[in-house]
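Participant: Numbering (our numbering), first residue to last: 95 to 293.
Quick reminder that beta carbons are idealized off the backbone N, C-alpha and C, glycines included.
(1) Pairing CB atoms from the stretch 244-257 with CB atoms from the stretch 268-277, are three or more of them under 8 Å?
(2) Can you tell me whether residue 289 is buried or exposed? The criterion is at least 16 other CB atoms within 10 Å of its CB, across all chains shown.
(3) Of the residues 229, 135, 264, which one's Cα is nearest the Cα of residue 206?
(4) So the candidates are 291, 118, 280; which of them puts its Cα closest to the Cα of residue 202?
(5) For residue 53, collect the residues of the same chain with a Cβ closer than 8 Å to its Cβ; drop the 5 residues on either side in sequence, then sort them by chain order.
(6) Mapping the DSSP letters down to three states, classify residue 136 as helix, strand or coil.
(7) Roughly how far, in whole angstroms, is the beta-carbon of residue 189 from the beta-carbon of residue 240, given that I think they are within contact range, below 8 Å?
(8) Measuring only the C-alpha atoms, how far is residue 204 from residue 249?
(9) Determine the burial state of residue 160: buried for a count of at least 16 other Cβ atoms within 10 Å of its Cβ, exposed for fewer.
(10) Using only alpha-carbon positions, find the residue among 257, 260, 230 that is nearest to residue 171.
(11) Between residue 130 and residue 194, which are expected to be in contact by the criterion C-beta below 8 Å, what is the C-beta distance as a whole number of angstroms?
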């Protein structure tokens, strides 16, 4: 069922702004391909499927990205760069409710801009930890840093709350984009995630 929700990222009803991407065509390819990776996995996603999802010929697709692997790597880099930028924006905020809120709000907004990449990142977290990409592990550690979590001293309840809150946030925000209800649902998604974090 979760993968079915991720598939919605292929066809958002409302356009969403990606202020951090200067090439809209490449951004669209990247996000829609990521949704396919989330749904089918890298090995089972073909270049033709990606081309069909964005309305390009295969040759047109390869004009923007030289290979399927290049798209995959660019998706990982986009997620990693987002997490680093998020950390930089919140690191000066004292650890606590306001910092948690800033991370939650920016996570919702990123998912609204990049629903496919968000679904892709969440799908990767369900893989065997022994097979996890170093970039994915780094993204997870950066989220903990952004929330002011020290894994050496953090209690189990906090880890469970963070995992539950951000997993639910990601799935619900993708669905909001799909239904064209991003603006209407945003405050409720933020409030629900904050409740999950214990605030």
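Facilitator: Considering the structure as presented:
(1) no
(2) exposed
(3) 264
(4) 280
(5) Summary: the structure shown does not reach residue 53, with the chain confined to residues 95 through 293, and so no result is reported for it.
(6) coil
(7) Contact flag wrong, Cβ pair sits at about 10 Å.
(8) 28 Å
(9) The residue is exposed, with fewer than 16 neighbouring Cβ atoms inside 10 Å.
(10) 230
(11) At roughly 32 Å, the Cβ-Cβ gap does not stay under 8 Å, so residue 130 and residue 194 are not in contact.
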